[in-house]
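K.L.:
Provided herewith is a single structure, encoded as structure tokens, for subsequent inquiry.
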Amino acid sequence: MANEKVRIRRDIASMSAYTPTTSLDVFAERLGIAAADLIKLDANENPYGPSPRVVEALAQLPNMHVYPDPESGRLRELLAEYTSLPAEQILCGAGADELIELILQLFIEPGDTIINTPPTFAMYSFNAPIYHAEVVDVYRRADFSIDVSAIQEAVARHNAKLVFLCSPNNPSGDVIAPDDINALLDLPTTVVVDEAYVEFARGESLASWMADCPNLIVLRTLSKWAGLAGLRIGYGIFPRLLMPHLWKIKQPYNINLAADLAAQESLKDVDYLLERVRQLVEQRTRMEVAFAELPYLSPYPSQSNFVLNRVSGMSAEDFRDRLARAGIIVRYYNKPRLFDHIRISAGAGDQVDRLLEVLRHF
Ligand SMILES: Cc1ncc(COP(=O)(O)O)c(C=O)c1O
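As structure tokens, then:
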């Protein structure tokens, strides 16, 4: 209700809310199914969970009464080893999500433009207006590849400050061709490549390009491959030039003690976690093959831990609801280009068994 003493921003007052996924407990209550019986395949989480080293370390987490290291020094050293890049170019965030916001804060002055390439991860365009950025959508082609010449044109026309790219793309699962990214790096703009799912892909991370690219930012997370989505820990690899400014604007204690330690322990157990990644890729491939055999699903090839499908013969919303009644939660998008699509995350072997069993009886 309007109140002359409480004057919040009018653009936020009229903005529509983002609908995020929620916890197993909340889904359990909504669906009237015990949390233990639910199969959650809607948010690309890692069904195997974290490394056992994380669980052990967190059970004895020391010094919870003391603020954490604002520089996440030890963690950044381990990330430097993992990425083969200098710790000085790495900044941690409470999930990659926080770093998307931080980048917008750093670059955007009111009215500046960012380029978004939908269908893609929603957070770039969702956060942009909060930081007064204008979003120019350059839609992907029918096969979900990016339209490089349209992006080049849009950057020039709007003098865009940032181009947000997601590779592998969420929700389509495809990787952007290196030549396409190279062409965009020639533009007078900064290119942010979100590699949240890169551990599941065949290609190389663009992190190895950092040394030669003063206008490339790479975002990564431990939510997916390391199974730490609930602890909120991600990182960005930034050009050296940006680092002093990012340090100025970052919340000092954005990484809580538990997330910091969990990420460190994960990075000491990379082989174990990458074996889990390999298993998830196996399940994803199994899902792609099985979905293609169903008359009502057309899967797109994925290099990530999820499969996007076009649904025919019923609405995608009905499809989601029928699966939910069977205790399986998947992602439906009420969005252009995706109204008849469903994204299903790769589950553990027994979860995929059950999913396929239910689908065969549809
Ligand atoms: C492409 C992409 N980037 C970033 C994120 C968010 O990552 P984080 O959990 O580190 O905030 C997600 C989460 O689903 C994602 O799909």
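Quick note on numbering: the working numbering labels position 230 of the sequence shown as 1239, and the sequence is numbered without any gaps.
C-beta: ideal position from N, C-alpha, C; glycine also.
Just checking my contact of Ala-1375 with Leu-1276 at CB under 8 Å: how many whole Å lie between their CB atoms?
P.N.:
With the chain running from 1010 to 1371 in the structure shown, residue 1375 is simply not present.
K.L.:
Phe-1371: beta carbon under 7 Å from a heavy atom of ligand 3?
P.N.:
For the structure depicted, ligand 3 is absent and the ligand set comprises only ligand 1.
K.L.:
Would you say the beta carbon of Asp-1330 is closer than 7 Å to some non-hydrogen atom of ligand 1?
P.N.:
Checking every heavy atom of ligand 1 against the Cβ of Asp-1330, none is found closer than 7 Å.
K.L.:
Do Ser-1232 and ligand 1 come close, with the Cβ less than 7 Å from some heavy atom?
P.N.:
Yes - ligand 1 has a heavy atom lying nearer than 7 Å to the Cβ of Ser-1232.
K.L.:
In terms of residue numbering, what span does the alpha helix (DSSP H) encompassing Pro-1187 cover?
P.N.:
Its alpha helix (DSSP H) spans residues 1187-1194.
K.L.:
Please name the residue in Ala-1037, Asn-1055, Asn-1012, Pro-1187 whose C-alpha comes closest to that of Val-1286.
P.N.:
Checking every option, the nearest Cα to that of Val-1286 belongs to Asn-1055.
K.L.:
Does the beta-carbon of Ile-1017 have 16 or more other beta-carbons within 10 angstroms, so that it is buried, or is it exposed?
P.N.:
Answer is exposed; the Cβ neighbour count stays below 16.
K.L.:
Give me the residue from Gln-1161, Ser-1311, Asp-1188 with the minimum Cα distance to Leu-1196.
P.N.:
Answer by Cα proximity: Gln-1161.
K.L.:
Once DSSP output is grouped into helix, strand and coil, what is the label at Asn-1136?
P.N.:
Helix at Asn-1136.
K.L.:
So which of Leu-1171, Pro-1059, Ile-1112, Ile-1242 has the shortest CA-CA distance to Glu-1284?
P.N.:
Closest option to Glu-1284, Cα to Cα, is Pro-1059.
K.L.:
Would you call the stretch 1041-1048 and the stretch 1335-1355 in contact, with 3 or more CB pairs under 8 Å?
P.N.:
Verdict: yes, contact present.
K.L.:
Contact between the stretch 1101-1113 and the stretch 1228-1246: three or more CB pairs below 8 Å?
P.N.:
The stretch 1101-1113, when compared against the stretch 1228-1246, does touch it at the 8 Å Cβ threshold.
K.L.:
CA-CA distance, Leu-1115 and Phe-1300?
P.N.:
Distance between the alpha carbons of Leu-1115 and Phe-1300: 43 Å.
K.L.:
Are the CB atoms of Met-1024 and Pro-1138 within a distance shorter than 8 Å?
P.N.:
Yes, the Cβ-Cβ distance between Pro-1138 and Met-1024 is below 8 Å.
K.L.:
How about Phe-952: is its Cβ closer than 7 Å to a heavy atom in ligand 1?
P.N.:
Residue numbering for the chain in the displayed model covers 1010 to 1371; residue 952 lies beyond these limits and cannot be assessed.
K.L.:
Is any non-hydrogen atom of ligand 1 found closer than 7 Å to the C-beta of Ala-1142, if you look at the structure I gave you?
P.N.:
False, no ligand heavy atom lies under 7 Å from that Cβ.
K.L.:
Check whether the Cβ atoms of Phe-1209 and Leu-1289 lie closer than 8 Å to each other.
P.N.:
Result yes, Cβ atoms of Phe-1209 and Leu-1289 sit closer than 8 Å.
K.L.:
Can you give me the Cβ contacts of Arg-1293 inside the same chain, cut-off strictly under 8 Å, excluding the 5 residues immediately before and after it?
P.N.:
So the qualifying residues of the chain are Phe-1209, Ser-1311, Ser-1313, Asn-1314, Phe-1315, Val-1316, Ala-1355.
K.L.:
Excluding sequence positions up to five away, which residues of its chain have a Cβ less than 7 Å from the Cβ of Ile-1258?
P.N.:
Excluding positions up to five away in sequence, the list reads Leu-1111, Gln-1114, Leu-1115.
K.L.:
Residues in its own chain within less than 6 Å of Asp-1034 by CB, not counting five upstream and five downstream?
P.N.:
The answer, listed in chain order, is Ala-1044.
K.L.:
Please state if the CB of Glu-1204 and the CB of Ser-1176 are separated by a distance shorter than 8 Å.
P.N.:
Yes. Within cutoff.
K.L.:
Would you check if the distance between the CB atom of Glu-1228 and the CB atom of Val-1200 is smaller than 8 Å?
P.N.:
A small correction: the amino acid at residue 1228 is Leu; Glu does not occupy that position in the sequence shown. No.
K.L.:
Taking only heavy atoms of ligand 1 into account, decide whether any of them is closer than 7 Å to the Cβ of Ala-1205.
P.N.:
Yes, the beta carbon of Ala-1205 sits closer than 7 Å to at least one heavy atom of ligand 1.
K.L.:
Around the C-beta of Ala-1169, are 16 or more other C-beta atoms found within 10 angstroms, so that it is buried, or is it exposed?
P.N.:
Looking at its Cβ environment, which holds 16 or more other Cβ atoms inside 10 Å, Ala-1169 is buried.
K.L.:
Could you give the first and the last residue of the continuous alpha helix (DSSP H) run that contains Arg-1083?
P.N.:
Where Arg-1083 is concerned, the enclosing alpha helix (DSSP H) stretches over 1082-1092.
K.L.:
Short of 6 Å in beta carbon distance, which residues of its chain neighbour Val-1207, apart from the five on each side in sequence? Order them along the chain.
P.N.:
Once the five neighbours on either side are set aside, the close Cβ partners of Val-1207 are Ser-1214.
K.L.:
So what does Asp-1146 bridge to, in DSSP terms?
P.N.:
According to DSSP, which records beta bridges pairwise, Asp-1146 is partnered with Asn-1125.
K.L.:
For Asp-1183, which option in Ala-1163, Gly-1212, Tyr-1281 has the closest C-alpha, if you only look at C-alpha atoms?
P.N.:
Considering only alpha carbons, the answer is Gly-1212.
K.L.:
If you scan the stretch 1272-1310 from start to end, which runs of the alpha helix (DSSP H) of 4 or more residues do you find wholly inside it?
P.N.:
Listed in chain order, they are 1279-1302.
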